[in-house]
Amino acid sequence: MDEITEAIKGNEYYNEINGKIVRTINPPIYHGSTILFKNFEDFHDAGLGKYQGVVYGTNRMPSQRAFEEILNKLEGGHITRAFQSGISAITNTLMAFTRAGDHILVCENVYGPAIRFCKKILSKYNVEVTYIPAAVGENIVDYIKDNTKLIFLESPGSNTFEIQDIPVIAKIAREKNILTVFDNTWATPIYFKPLALGIDVSIQSVTKYIAGHSDILLGTVSVNEKYADMFDDYYNTMEVFVSPQDCYLALRGLRTLKVRLGHHEQAALKVAKWLDGLDIIEEVIHPALENHPQHEIWKRDFSGSSGLFAFMFKKDYSIEQISAFINSLEVFGIGYSWGGFKSLVTAGTYKRSADPARAGKVIIRLNIGLEEVDDLIADLEEGFKVLGEK
Ligand SMILES: *Cc1c(COP(=O)(O)O)cnc(C)c1O
Numbered sequence: 527m528d529e530i531t532e533a534i535k536g537n538e539y540y541n542e543i544n545g546k547i548v549r550t551i552n553p554p555i556y557h558g559s560t561i562l563f564k565n566f567e568d569f570h571d572a573g574l575g576k577y578q579g580v581v582y583g584t585n586r587m588p589s590q591r592a593f594e595e596i597l598n599k600l601e602g603g604h605i606t607r608a609f610q611s612g613i614s615a616i617t618n619t620l621m622a623f624t625r626a627g628d629h630i631l632v633c634e635n636v637y638g639p640a641i642r643f644c645k646k647i648l649s650k651y652n653v654e655v656t657y658i659p660a661a662v663g664e665n666i667v668d669y670i671k672d673n674t675k676l677i678f679l680e681s682p683g684s685n686t687f688e689i690q691d692i693p694v695i696a697k698i699a700r701e702k703n704i705l706t707v708f709d710n711t712w713a714t715p716i717y718f719k720p721l722a723l724g725i726d727v728s729i730q731s732v733t734k735y736i737a738g739h740s741d742i743l744l745g746t747v748s749v750n751e752k753y754a755d756m757f758d759d760y761y762n763t764m765e766v767f768v769s770p771q772d773c774y775l776a777l778r779g780l781r782t783l784k785v786r787l788g789h790h791e792q793a794a795l796k797v798a799k800w801l802d803g804l805d806i807i808e809e810v811i812h813p814a815l816e817n818h819p820q821h822e823i824w825k826r827d828f829s830g831s832s833g834l835f836a837f838m839f840k841k842d843y844s845i846e847q848i849s850a851f852i853n854s855l856e857v858f859g860i861g862y863s864w865g866g867f868k869s870l871v872t873a874g875t876y877k878r879s880a881d882p883a884r885a886g887k888v889i890i891r892l893n894i895g896l897e898e899v900d901d902l903i904a905d906l907e908e909g910f911k912v913l914g915e916k
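Structural data, given as structure tokens:
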């Protein structure tokens with residue numbers, strides 16, 4: 527059965543009213559700290575770790591388990607565990623799989639707060655980090671040391687959209703028994719399957735496309751068989767748990783993920799190609815465009831593209847001009863995060879080592895939402911007039 531059919535199918539959940547069964551295709555949302563045991567024997571078994579049910583509110587309530595199970599199938603993991611946010615999923619994964627004295631490699635284009643965590647927290651526990659180039663591939667071997675234990679990757683990278691040669695990196699890492707972690711938020715498991723390409727751990731910021739409505743924060747970690755027990759033990763020990771309500775919303779998002787993503791993909795491609803044809807634009811950075819530096823690798827490994835990309839102007843406009851352009855937009859909102867129904871714009875400066883020619887250039891990042899795409903193009907077209915260009 528197709529994975530999407532399975533995700534949509536749902537299960538059957540029972541309750542009883544006046545002796546008549548109430549059946550739903552979505553799980554009930556149980557709120558609870560105390561979970562009542564049927565009898566003392568079950569309680570005693572729970573103490574011995576022999577009880578199969580939920581024993582306490584921290585023990586993954588039914589809506590969390592239902593969500594994790596479906597996402598796990600999509601990611602092709604052995605287990606999937608939910609966290610309070612995408613960044614919490616990342617930081618906990620790095621904690622779970624490292625110990626004092628380890629060396630890890632972190633791609634310079636991963637989600638920024640993950641780098642802040644490495645610098646401020648991991649360093650306290652004597653885990654040494656080397657930041658590696660955004661478009662890394664076979665040259666990863668140049669950075670590996672005897673005590674390298676983990677490689678953390680993200681492709682396309684945050685804000686600058688470099689693509690990494692994942693099969694090559696995964697193969698090298700396997701040979702050297704180094705664990706690989708991949709942030710799969712941009713493509714979601716609909717368009718990219720890291721575990722199938724040899725990655726050990728795939729992370730989602732569920733906050734983005736999976737939840738899809740900019741109303742919750744949630745993250746997941748999907749782990750292959752080799753590392754599943756180790757991660758499960760960490761999760762249980764830390765007593766991580768997430769809101770049953772948020773898990774329910776994330777599960778609801780999963781059911782419509784593929785159709786929403788298809789719209790984001792087509793709309794973003796239309797806007798990207800339109801921008802690419804304008805005289806004032808230096809470069810549109812979108813992995814599905816042929817002029818993207820690693821387009822061929824993207825085409826080989828991904829089955830689709832999502833709605834987040836960036837572009838740069840030819841001229842170096844002043845910050846006042848950039849502000850005036852962004853402030854003039856009526857459909858695009860100015861704000862962090864992405865993957866929701868509303869189109870968003872942010873801007874920053876290129877800081878990666880991957881392409882020195884871009885250094886210091888202003889990068890405008892667009893999140894293409896679910897509005898009518900011609901309205902988005904018209905909004906940008908009006909905005910460009912503020913720059914004094916035709
Ligand atoms: C937003 C984001 C995160 C963090 O997710 P939150 O749920 O906002 O904490 C991690 N990785 C990527 C690529 C992101 O875009």
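Residue numbering for the sequence shown is 527 to 916, as defined by the working numbering. Backbone N, C-alpha and C fix where the C-beta goes; we use that ideal spot for every residue, glycine too.
Residue i - partner residues in DSSP beta bridges
{"i": "ILE890", "result": "PHE837 and ALA873"}
{"i": "LEU679", "result": "PHE708"}
{"i": "CYS633", "result": "ILE658"}
{"i": "GLY859", "result": "LEU870"}
{"i": "ASN541", "result": "VAL548"}
{"i": "VAL749", "result": "ILE605 and VAL727"}
{"i": "GLU809", "result": "MET838"}
{"i": "THR560", "result": "TYR582"}
{"i": "THR763", "result": "According to DSSP, which records beta bridges pairwise, THR763 is partnered with nothing at all."}
{"i": "THR674", "result": "HIS629"}
Under the three-state DSSP convention, the category residue i falls into
{"i": "ASN618", "result": "helix"}
{"i": "GLN610", "result": "coil"}
{"i": "TYR717", "result": "helix"}
{"i": "TYR582", "result": "strand"}
{"i": "THR686", "result": "coil"}
{"i": "THR624", "result": "coil"}
{"i": "THR733", "result": "coil"}
{"i": "ALA885", "result": "coil"}
{"i": "GLU664", "result": "helix"}
{"i": "HIS789", "result": "helix"}
{"i": "GLN820", "result": "coil"}
{"i": "TRP800", "result": "helix"}
{"i": "ASP741", "result": "coil"}
{"i": "ARG878", "result": "coil"}
{"i": "ASN853", "result": "helix"}
{"i": "PRO693", "result": "helix"}
{"i": "SER649", "result": "helix"}
{"i": "PRO770", "result": "helix"}
CB contact flag (residue i, residue j, <9 Å)
{"i": "TYR760", "j": "ASN618", "result": "yes"}
{"i": "THR733", "j": "ARG607", "result": "no"}
{"i": "LEU648", "j": "LEU631", "result": "no"}
{"i": "SER611", "j": "SER731", "result": "yes"}
{"i": "ASP797", "j": "LEU902", "result": "Here residue 797 is Val; the residue named in the question, Asp, does not match the sequence. Result yes, Cβ atoms of VAL797 and LEU902 sit closer than 9 Å."}
{"i": "PHE609", "j": "VAL727", "result": "no"}
{"i": "ASP709", "j": "THR674", "result": "no"}
{"i": "MET756", "j": "PHE623", "result": "yes"}
{"i": "TRP864", "j": "ASN893", "result": "yes"}
{"i": "LEU721", "j": "GLY602", "result": "yes"}
{"i": "LEU744", "j": "ASN552", "result": "no"}
{"i": "ASN912", "j": "GLN792", "result": "Sequence check: residue 912 is Val here, not Asn. Cβ atoms of VAL912 and GLN792: not closer than 9 Å."}
{"i": "GLY724", "j": "ALA699", "result": "yes"}
{"i": "LEU705", "j": "ILE742", "result": "no"}
{"i": "ASN652", "j": "PRO659", "result": "no"}
{"i": "ASN537", "j": "SER748", "result": "no"}
{"i": "TYR582", "j": "SER614", "result": "no"}
{"i": "TYR577", "j": "PHE566", "result": "no"}
{"i": "GLU897", "j": "VAL857", "result": "yes"}
{"i": "VAL509", "j": "ILE729", "result": "Nothing can be reported for residue 509, as the shown portion of the chain is limited to 527 through 916."}
{"i": "ASP842", "j": "LYS887", "result": "yes"}
{"i": "GLN690", "j": "ILE806", "result": "no"}
{"i": "GLN847", "j": "ALA661", "result": "no"}
Proximity test, residue i beta-carbon vs ligand 2 heavy atom, cut-off 8 Å
{"i": "SER769", "result": "Inclusion of ligand 2 in the displayed structure is not the case, the ligand content consisting of ligand 1 alone."}
Anticipated Cβ contact below 8 Å, residue i with residue j, distance rounded
{"i": "TYR556", "j": "MET587", "result": "5 Å"}
{"i": "ILE561", "j": "VAL580", "result": "5 Å"}
{"i": "LEU855", "j": "GLY861", "result": "About 12 Å; that fails the 8 Å criterion."}
{"i": "ILE692", "j": "SER681", "result": "6 Å"}
{"i": "GLY909", "j": "LYS868", "result": "Actually they are not in contact, since the Cβ atoms of GLY909 and LYS868 sit about 16 Å apart, beyond 8 Å."}
{"i": "ARG781", "j": "ALA592", "result": "ARG781 to ALA592, Cβ: 11 Å. No contact."}
{"i": "GLY738", "j": "GLY779", "result": "5 Å"}
is_contact[residue i, chain D] using C-beta, thresh 9 Å
{"i": "GLU791", "result": "Protein chain content of the structure displayed is limited to a single chain, and chain D is not contained in it."}
Can at least three beta-carbon pairs, one atom from the stretch 804-817 and one from the stretch 772-784, be found at a separation below 8 Å? no
So does the stretch 874-889 actually touch the stretch 677-688, counting three or more Cβ pairs closer than 8 Å? yes
Answer yes if the stretch 825-842 comes into contact with the stretch 790-804, meaning at least three C-beta pairs across the two stretches below 8 Å, and no otherwise. yes
Segment contact, 8 Å Cβ cut-off, at least three pairs: the stretch 707-723 with the stretch 820-833: yes
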